[in-house]
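Here's the structure, in structure tokens; my notes come after.
There are 2 protein chains.
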Amino acid sequence: MSLKYAVLAALLEGEASGYELSKLFDVSFANFWASTPQQLYRELERLERDGLVRARVVRQERRPDKRMFSLTESGRRDLETFAAAPPKRPTAIRDELMIKIQAMDLDGVDPEATCALVEERATWARAKLDRYARVRERLLGGRTEEEFLRRADRIGPYLTLMGGIAFEEENLRWCERVLAVLRSRAALS
Amino acid sequence: MSLKYAVLAALLEGEASGYELSKLFDVSFANFWASTPQQLYRELERLERDGLVRARVVRQERRPDKRMFSLTESGRRDLETFAAAPPKRPTAIRDELMIKIQAMDLDGVDPEATCALVEERATWARAKLDRYARVRERLLGGRTEEEFLRRADRIGPYLTLMGGIAFEEENLRWCERVLAVLRSRAALS
DNA sequence: TTGCCCATGTAACTTGTTACATGATTGT
DNA sequence: ACAATCATGTAACAAGTTACATGGGCAA
Numbered sequence: 001m002s003l004k005y006a007v008l009a010a011l012l013e014g015e016a017s018g019y020e021l022s023k024l025f026d027v028s029f030a031n032f033w034a035s036t037p038q039q040l041y042r043e044l045e046r047l048e049r050d051g052l053v054r055a056r057v058v059r060q061e062r063r064p065d066k067r068m069f070s071l072t073e074s075g076r077r078d079l080e081t082f083a084a085a086p087p088k089r090p091t092a093i094r095d096e097l098m099i100k101i102q103a104m105d106l107d108g109v110d111p112e113a114t115c116a117l118v119e120e121r122a123t124w125a126r127a128k129l130d131r132y133a134r135v136r137e138r139l140l141g142g143r144t145e146e147e148f149l150r151r152a153d154r155i156g157p158y159l160t161l162m163g164g165i166a167f168e169e170e171n172l173r174w175c176e177r178v179l180a181v182l183r184s185r186a187a188l189s
Numbered sequence: 001m002s003l004k005y006a007v008l009a010a011l012l013e014g015e016a017s018g019y020e021l022s023k024l025f026d027v028s029f030a031n032f033w034a035s036t037p038q039q040l041y042r043e044l045e046r047l048e049r050d051g052l053v054r055a056r057v058v059r060q061e062r063r064p065d066k067r068m069f070s071l072t073e074s075g076r077r078d079l080e081t082f083a084a085a086p087p088k089r090p091t092a093i094r095d096e097l098m099i100k101i102q103a104m105d106l107d108g109v110d111p112e113a114t115c116a117l118v119e120e121r122a123t124w125a126r127a128k129l130d131r132y133a134r135v136r137e138r139l140l141g142g143r144t145e146e147e148f149l150r151r152a153d154r155i156g157p158y159l160t161l162m163g164g165i166a167f168e169e170e171n172l173r174w175c176e177r178v179l180a181v182l183r184s185r186a187a188l189s
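First to last, the sequence lines map onto chains A and B. Once you know that position 23 of the first sequence is 23 in full-length UniProt numbering, the rest is easy, because the numbers rise by one and skip nothing. Once you know that position 38 of the second sequence is 38 in full-length UniProt numbering, the rest is easy, because the numbers rise by one and skip nothing.
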């Protein structure tokens with residue numbers, strides 16, 4: 001139900017193809033709404049059928065044709081209504097690593113293996129933070145954060161990005177605390 | 001695929017009924033693996049059929065019968081294998097509020113309404129933190145964190161709880177920053 | 001020459017959600 | 001009297017995942 005609104009919100013940035021949206025959902029949108037390219041293509045079909053989005057075919061040379069999607073007036077109105085209404089469902093998280101941590105104390109589980117998993121997570125978190133930093137610079141466009149937040153027309157995308165950055169930073173801190181604990185326990189035995 | 005392991009990991013705490021598991025998934029497990037009671041009942045059926053879990057019917061007076069589930073040896077081994085293997089899928093988050101924030105700059109969206117949504121989120125975050133604090137006290141059982149992390153047999157559940165607490169604290173800080181921004185913009189116009 | 005990028009899609013399958021049903025007990 | 005708690009479940013539906021297919025361009 002909400003992937004619909006995630007797509008509409010993504011199209012606020014302007015016209016985009018399914019492929020471009022799938023890239024966007026891989027970087028910034030992934031922080032709060034996970035989805036695969038297949039889901040997006042399916043959703044776009046539905047949104048077009050329902051008149052919330054319109055498609056324009058762009059012929060390309062030496063590249064497959066692409067369909068550029070944009071919001072219709074009715075899509076925009078629907079999104080406005082959604083944006084002011086209270087959320088229907090609580091935030092859902094699905095993080096396999098945490099299940100593995102929950103079960104790490106089992107006899108058959110090598111603490112070294114657990115360490116490796118946490119280190120991998122930390123590496124990913126750092127990579128994500130790097131990408132966010134670049135997106136942030138682009139959004140700020142030379143202004144300071146304070147200046148931007150006071151004057152810019154659209155601050156929504158910046159506020160969600162702030163959320164993503166804070167989340168990954170916290171993630172990284174957690175990884176480091178866990179690694180410190182695991183290492184000091186390894187030293188004891 | 002991983003709800004399976006989330007359930008097995010939950011049963012590490014000991015025998016539990018479907019109902020009790022659904023309570024657990026509502027409090028601590030919800031931080032990293034969301035699921036509804038109906039999913040749990042279905043999953044438990046499957047796990048029993050596959051021999052990873054065994055059920056024992058407990059007759060009760062003045063209460064419906066209940067089925068208490070516990071891990072079998074093969075369930076435990078399966079969980080051990082899972083715990084040491086790298087995650088198959090990246091962490092997925094689905095947070096409606098963030099979509100609403102992303103779209104908040106639309107003309108038809110009242111900034112007051114957006115504020116109210118963020119305040120509600122902050123209230124929930126505080127309530128969650130309260131509950132986590134109680135779970136934490138129970139786990140520590142009077143010891144300090146340092147002492148606990150050095151000597152306890154099972155630290156997995158504490159580490160995931162630490163993650164949940166850090167996540168909610170960050171959430172709350174984000175809410176407060178957003179509210180400060182929204183209020184100072186409201187004062188300007 | 002292997003593999004990734006662009007660009008879209010179909011089909012089969014697995015998960016997750018929602019609404020409903022039962023029925024006694026306990027608390028306000 | 002009404003709602004919540006305990007305790008489980010069915011059925012219908014919506015959403016998400018995985019594997020596969022197409023086919024030229026481009027870089028190491």
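Beta carbons: idealized from backbone N, C-alpha and C, even for Gly. Keep in mind that this is a model prediction, so the values were computed, not measured.
Cα separation between residue i and residue j?
i, j, result
"Phe148(B)", "Leu140(B)", "6 Å"
"Arg136(A)", "Tyr19(A)", "22 Å"
"Leu188(B)", "Ala113(A)", "54 Å"
"Thr144(A)", "Arg154(B)", "46 Å"
"Pro90(B)", "Leu172(A)", "15 Å"
"Ser70(A)", "Ile93(B)", "25 Å"
"Pro111(A)", "Arg126(A)", "23 Å"
"Ala166(A)", "Val178(A)", "18 Å"
"Glu170(B)", "Leu129(B)", "11 Å"
"Ala85(A)", "Gln38(B)", "27 Å"
"Ser22(A)", "Leu12(A)", "15 Å"
"Trp33(B)", "Met98(A)", "8 Å"
"Ala122(A)", "Val27(A)", "17 Å"
"Pro64(A)", "Arg134(B)", "58 Å"
"Asp107(A)", "Glu61(B)", "39 Å"
"Glu120(A)", "Gly142(A)", "33 Å"
What is the C-beta distance between residue i and residue j, in whole angstroms, given that I count them as a contact (C-beta under 8 Å)?
i, j, result
"Leu79(A)", "Leu8(A)", "4 Å"
"Leu44(A)", "Ser74(A)", "Actually they do not touch by this definition, with Cβ atoms about 15 Å apart."
"Glu96(A)", "Tyr132(A)", "With 8 Å as the limit, Glu96(A) and Tyr132(A) do not qualify as a contact, their Cβ atoms being about 22 Å apart."
"Val109(B)", "Ala116(B)", "In fact, because the Cβ distance is near 12 Å, the residues do not count as touching under 8 Å."
"Arg54(A)", "Thr72(A)", "5 Å"
Could you pull out every residue in the same chain whose Cβ sits closer than 7 Å to the Cβ of residue i, ignoring the five residues on either side in sequence?
i, result
"Phe29(B)", "Ala6, Ala10"
"Lys4(B)", "Glu43, Leu47"
"Leu40(B)", "Val7, Gly18, Leu21, Ser22, Phe25"
Among residues of its own chain, excluding the 5 on either side of residue i, which ones have a beta-carbon nearer than 6 Å to its beta-carbon?
i, result
"Arg58(A)", "Correcting the residue identity first, residue 58(A) is Val in this sequence and not Arg. For Val58(A), where only same-chain residues beyond five positions count, the Cβ hits under 6 Å are Lys66, Met68."
"Asn31(B)", "Gly164"
"Val118(A)", "Cys175, Val178, Leu179"
"Glu48(A)", "Ala55"
Whose C-alpha, out of the options, is nearest the C-alpha of residue i?
i, options, result
"residue 232(B)", "Ala83(B), Ala84(B), Pro157(B), Ala103(B)", "Limits of chain B in this structure are 1 at one end and 189 at the other, which puts residue 232(B) out of reach."
"Leu182(B)", "Arg42(B), Phe82(B), Asp105(B)", "Asp105(B)"
"Asp50(A)", "Ser184(A), Arg76(A), Arg63(A), Asp107(A)", "Arg76(A)"
"Arg150(A)", "Ala186(B), Glu61(B), Asp107(B), Ala122(B)", "Ala186(B)"
"Glu146(A)", "Arg134(B), Gly142(B), Glu146(B), Ser184(B)", "Ser184(B)"
Under 8 Å Cβ to Cβ from residue i, same chain only, skipping five residues before and after it: list those, please.
i, result
"Met1(A)", "Lys88"
"Glu15(B)", "Arg56, Met68, Phe69, Ser70"
Between the beta-carbon of residue i and the beta-carbon of residue j, is there less than 8 Å?
i, j, result
"Phe25(B)", "Ser17(B)", "no"
"Lys100(A)", "Ala83(B)", "yes"
"Trp124(B)", "Met162(A)", "no"
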